[in-house]
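Each residue of the sequence shown is one higher than the one before, counting from 3 in this note's numbering.
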Amino acid sequence: MTGAGGGFTALQTGPLDALLAPIYWFLSLWSEFMFWVAAGTGLELLQYQFMHRAILVGLCIGVMAPLVGTFLVHRQLALIGDALAHTAFAGVAVGLFLNAVLELGVSPYLTAVVVSVLAALAIELISEATDAYNDVSMAIVLSTGFALGTTLISVNAGGLAVGINQYLFGNLSTVSAENAAILLVLFLVIVATVAITRNQLLYVTFDETAAEVSGIPVDWYNRVLVMLTALVVVGAMQIMGVILVAAMLVVPVAAATQISRSFSESLLVSVVLAELAVILGIGVSYYGGATAGGVIVLVAVAIYVTAVVAGKLQTALGEERHAEVDSIGTAETDGGGAD
């Protein structure tokens, strides 16, 4: 147990590690807690530190993805996650390329954050400057990002082709302490930003024109939303991979809208469903030897189908009860008229 904390302390050697020292300390406490749970439950997957980090990252994704995705789905911007995932792929390629050619030793996730945020801003700026629809600007940025990534890989295929696979498909065993720490920082930034700007984002989401008339800087909050999306995409990429990362922004939210009656309720339910998908997906993928990202998405889709069925049943029961009330009221009226 003590070795867990010592392992994290040994990592704190560079400038970035010094800045992340409090996060590493938290990771060591989390690992100690997971070892304690493993001792009490006998669960094999909790006996390894890489699984401790993967579970923590998954739990964070289960919160921050629906937190941002709820706004995206209600604004009909579900595909922006896919566009930014492809630019995150380009960001990873940039990091790997710099490390292979210039030996900078920079984390590919940090370069993915920078490139994804720039791409998110580019989507908004293209829409504003050209009056193009959002799907046009997203298609342009998606194509550019993927083209850049594939070009960098082809230029130095020997050094990048192998390392890129974990970013394309995700991998539980490759969630390092540094990457987990970066994810936790992104998590705190996303949650804090949404908490501070929630009312403005909500206003812009449901009535952009009225929000602009009331003095809210709509363009600025649109940029905030797409930048938050970029951060979520990069964070979730560790487990989900570039190919499937957009699913966590959309599928749990889509499921929640089937059984929720308000925006706040939809937000809460989507987080619960996302956490359920992550926990079940990680467990099944570990014991089944499958890719975590794919299993998590399949579980999320199964939850979505269940929510759709539950929503339809709820609506049918509501209509049936309403019909019964109407028939009773009609009968009483007819009876009163006869008297």
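We treat Cβ as the ideally placed atom computed from N, Cα and C, and that holds for glycine.
{"query": "Residue nearest to G172 in terms of C-alpha spacing, selected from T72, A318, A256, A90", "result": "A90"}
{"query": "Reduced DSSP secondary structure (H/G/I, E/B, other) of Y50", "result": "coil"}
{"query": "C-beta atoms of L69 and I192 nearer than 8 Å", "result": "yes"}
{"query": "Distance, G42 Cα to L2 Cα", "result": "Only positions 3 to 341 of the chain appear in this structure, which leaves residue 2 out of reach."}
{"query": "Any 3 or more C-beta pairs closer than 8 Å across the segment 239-259 and the segment 69-89", "result": "yes"}
{"query": "CA-to-CA distance, M53 to L45, given in whole angstroms", "result": "11 Å"}
{"query": "T89, enclosing alpha helix (DSSP H) - first and last residue", "result": "82-103"}
{"query": "I281 - containing alpha helix (DSSP H), residue span", "result": "265-290"}
{"query": "Minimum C-alpha distance to P24 - residue among I184, D221, V220", "result": "I184"}
{"query": "Nearest candidate by alpha-carbon position, reference P254, set L319, I305, V138, C62", "result": "I305"}
{"query": "Sub-8 Å separation of V297 and M66 beta-carbons", "result": "no"}
{"query": "Whole-angstrom C-beta distance between V236 and Y111, which should lie under 8 Å", "result": "6 Å"}
{"query": "Backbone secondary structure at R77 - three-state DSSP", "result": "coil"}
{"query": "With 16 other Cβ atoms within 10 Å as the buried cut-off, status of T231", "result": "buried"}
{"query": "R225 versus E126 - alpha carbon distance", "result": "7 Å"}
{"query": "Three-way DSSP call (helix, strand, coil) for S118 in this model", "result": "helix"}
{"query": "As assigned by DSSP and simplified to three states, the class of D209", "result": "coil"}
{"query": "Identity of the residue in F148, I284, V311, L227 nearest T199 by Cα", "result": "L227"}
{"query": "CB contact flag (Q240, V310, <8 Å)", "result": "no"}
{"query": "Top-ranked residue by Cα proximity to Y2, from E34, L48, F28, L21", "result": "In the structure as shown, the chain begins at 3 and stops at 341. Residue 2 is therefore absent and cannot be evaluated."}
{"query": "Any 3 or more C-beta pairs closer than 8 Å across the segment 97-108 and the segment 201-215", "result": "no"}
{"query": "Reduced DSSP category for L45 - H, G, I as helix; E, B as strand; rest coil", "result": "coil"}
{"query": "Cα-Cα separation, L79 to V143", "result": "14 Å"}
{"query": "The alpha helix (DSSP H) enclosing T293, as first and last residue numbers", "result": "Where T293 is concerned, there is no enclosing alpha helix (DSSP H), given that its DSSP letter is neither H nor E."}
{"query": "Supposed contact pair G295 and M242 - C-beta distance, whole angstroms, cut 8 Å", "result": "4 Å"}
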